[in-house]
Amino acid sequence: MRLNTLKPADGARQERTRVGRGIGSGLGKTAGRGHKGSFARSGKGKIKAGFEGGQMPMQRRLPKIGFRSKLAKDTAEVLLYQLDKLDAGDIDFAALKAAKLVPSTAKQAKIVKKGELTKKFVLKGVLATAGAKAAIEAAGGKVEE
10 MRLNTLKPAD GARQERTRVG RGIGSGLGKT AGRGHKGSFA RSGKGKIKAG FEGGQMPMQR
70 RLPKIGFRSK LAKDTAEVLL YQLDKLDAGD IDFAALKAAK LVPSTAKQAK IVKKGELTKK
130 FVLKGVLATA GAKAAIEAAG GKVEE
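With this note's numbering applied, the sequence shown has no gaps in its numbers, which climb one by one up to 154 at the end.
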């Protein structure tokens, strides 16, 4: 084997199609672009995403549904049974962050009723659902806004 005899395997490299190079090439004259129309022009052959040829596009035919609250993205949910893992006493937003129950990107927290609560807690400056408030107060705790 010599370096001057090396060549790629058959079919590994394909020559690029040279359009507009005469009748014999099969892609002469209009160079595969057909006759006239927007696709025959340079720089005009783009159709915007979602365009369906003048038919009412799908994204306009379907109804607008749902609502995404901008506040929800900044509010972290803390489940009631997760509070049970903390030491009893006063709990505020900083304490929840320190316990890593709330991500660092969150701006506020909300306690949601899921699971049981056995310890007494005093919540300060943390939101809570009605069910969570009732569960905290039933355990002997208090919710201060």
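All C-beta atoms in this analysis are idealised placements derived from N, C-alpha and C, irrespective of residue type, glycine included.
Asked                                                                                                                                                                                            : Found
Please state the DSSP three-state secondary structure of leucine 12.                                                                                                                             : helix
Who are the near neighbours of alanine 115 in its chain, counting only those whose CB is closer than 7 Å to its CB and skipping five residues on each side?                                      : Asp83, Thr84 and Ala85
Whose CA, out of Gly35, Asp19 and Val152, lies closest to the CA of threonine 26?                                                                                                                : Gly35
Is it right to say valine 28 is buried, meaning 16 or more other beta carbons lie within 10 angstroms of its own, or is it exposed?                                                              : exposed
Whether or not the stretch 68-77 and the stretch 99-115 are in contact is what I'm after, with contact meaning three or more pairs of Cβ atoms, one per stretch, closer than 8 Å; do they touch? : no
For glycine 124, tell me which candidate among Glu146, Leu12, Leu132 and Ala141 has the shortest Cα-Cα distance.                                                                                 : Ala141
Aspartate 99 and valine 135 - do their beta-carbons sit closer together than 7 Å?                                                                                                                : no
Which residue's Cα is closest to the Cα of lysine 129: Thr138, Ala118 and Ala143?                                                                                                                : Ala143
Under the rule that 16 or more other beta-carbon atoms within 10 Å means buried, what is glycine 150, buried or exposed?                                                                         : buried
Since leucine 102 and glutamine 117 should fall inside the 8 Å C-beta cutoff, what is the C-beta to C-beta distance between them, to a whole number of angstroms?                                : Leucine is not the amino acid found at residue 102; the sequence shown has phenylalanine there. Right, the Cβ-Cβ distance comes to about 7 Å (below 8 Å), so this counts as a contact.
Spell out the partners DSSP gives valine 87 in its beta bridges.                                                                                                                                 : Ile120
Taking C-beta to C-beta, are leucine 88 and valine 121 nearer than 7 Å?                                                                                                                          : yes
Taking only beta-carbon positions, decide if alanine 108 is within less than 7 Å of chain D.                                                                                                     : Of the chains in the structure shown, none is chain D; there is only one protein chain.
From which residue to which residue does the alpha helix (DSSP H) around lysine 106 run?                                                                                                         : 102-107
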